[in-house]
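Sequential numbering of the sequence shown, starting at 16, is according to the working numbering.
All C-beta atoms in this analysis are idealised placements derived from N, C-alpha and C, irrespective of residue type, glycine included.
Structure first, commentary second.
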Amino acid sequence: MPIRIREIISLLHEHAPLTLAEPWDNVGLLLGDMDREATSILIGLDPTTALGEEAIAVGADTIITHHPLIFKPLTAINTAEPTGRFVELALSHRISVIACHTNLDSAANGVSDALAKAIGLNEVQPLVASPSADNPHQGLGRIGGFPEAVTAASLLRRLGDALQLPALFIVGSLPATISTVALCGGSGSDLAAVAHARGADVYITAEIKHHIARWAEECGFCLIEGTHYGTERHAVSLLADILQAENISRNWNIVIRQTLTEHHPFVLTHIV
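Below you can see the structure in the form of structure tokens.
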């Protein structure tokens, strides 16, 4: 029996309810037809031309990304520009495009949960509970603890592995031992004060604003800049795991792939 795009979206919203998406966000089907059949899905973090070309190369008829293809209203579709090129590629190859963004951030077992798990945190709970959620595990960011306190060096090794980064920017000084960690995948600079108030030894997030860094420095609070890609890279495997489990249980027989071409947009260059 053919599986329609609307069924894929319904499945995603069971795990990451639409009500959890931030008011400014744009999630769900962004390009395509709800009644179109889905047979092969490619999952990535960003809707780039490279991801579109990868989908064509592997024969995927559906792309699911964490970050939305259309974030702000488009006044024009210029196919000489990145967004226009992606739209042209997807339309010309009848590829449906779906976004699962801030609803996946705030979902139970969402993006920040995946990062918390990757560095070994236990008893994880939302840093900021979702006001519209009945589930206490829904909300932005996460805070949790290690079974036993870890050294600063151990935390950095865990982060290097989880974020796939060779170096990190740190505000303030890392405590000698760390028990409680707060984190937020993506741009979570504005939750730093909440992390501090809740007793975190360190706060890990991305795109830390200058004035927040200065505030943390004055407070003696340690912030770790994990980059947007680094802190959210686990969204790809998270979506793949959700879809593959449902694919098997529902006997859908859809091919589900994670991107093999996506990479960090920043490259660390040593100055000589």
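Give me the DSSP bridge partner(s) of residue i.
i       : result
Thr-284 : In DSSP, Thr-284 forms no bridge with anything.
Gln-153 : Paired residue(s): none; Gln-153 is not in a bridge.
Arg-19  : Glu-52
Gly-74  : Answer by DSSP bridge pairing: none, since Gly-74 is not bridged.
Thr-80  : Gly-59 and Ala-114
Thr-166 : Thr-192
Leu-238 : Val-186 and Tyr-218
State the Cα-Cα distance for the pair residue i and residue j, rounded to the nearest angstrom.
i       : j       : result
Leu-238 : Trp-39  : 26 Å
Gly-154 : Ser-121 : 4 Å
Gly-241 : Ala-255 : 22 Å
Ile-24  : Leu-44  : 7 Å
Gly-159 : Thr-77  : 35 Å
Ser-264 : His-226 : 48 Å
Val-73  : Leu-180 : 28 Å
Val-165 : Gly-175 : 15 Å
Asp-48  : Leu-106 : 11 Å
Pro-97  : Ala-212 : 41 Å
Leu-178 : Ile-110 : 30 Å
Val-196 : Leu-275 : 31 Å
Thr-80  : Leu-27  : 12 Å
Just to confirm, is the Cβ distance from residue i to residue j under 8 Å?
i       : j       : result
His-116 : Val-42  : yes
Ser-204 : Ile-185 : no
Leu-66  : Ala-114 : no
Arg-157 : Leu-198 : yes
Thr-246 : Ala-208 : no
Ile-58  : Arg-272 : yes
Asp-128 : Val-139 : yes
Ser-145 : Leu-33  : no
His-249 : Leu-130 : yes
With 16 as the cutoff for other CB atoms within 10 Å, does residue i come out buried or exposed?
i       : result
Asp-50  : exposed
Pro-62  : buried
Ile-269 : buried
Arg-229 : exposed
Asp-216 : buried
Pro-141 : buried
Leu-283 : exposed
Val-4   : The shown model of the chain, from 16 to 287, leaves out residue 4, and the question about it has no answer.
Gly-235 : exposed
Gly-125 : buried
Phe-161 : buried
Leu-253 : buried
Could you check whether the Cβ of residue i sits closer than 7 Å to any heavy atom belonging to the ligand SAH?
i       : result
Pro-146 : With respect to the ligand SAH, the structure offers nothing, as it holds no ligand at all.
So, helix, strand or coil for residue i, using DSSP?
i       : result
Glu-222 : coil
Thr-195 : strand
Val-143 : strand
Phe-257 : The sequence given here has Ile at residue 257, not Phe. In the structure shown, Ile-257 sits in a helix (DSSP, three-state: H, G or I).
Thr-276 : coil
Ser-111 : strand
Ser-188 : coil
Asn-41  : coil
Asn-137 : strand
Looking at chain C, is there any beta carbon in it that lies within less than 8 Å of the beta carbon of residue i?
i      : result
Gly-47 : Protein chains in the displayed structure number just one, and chain C is not present.
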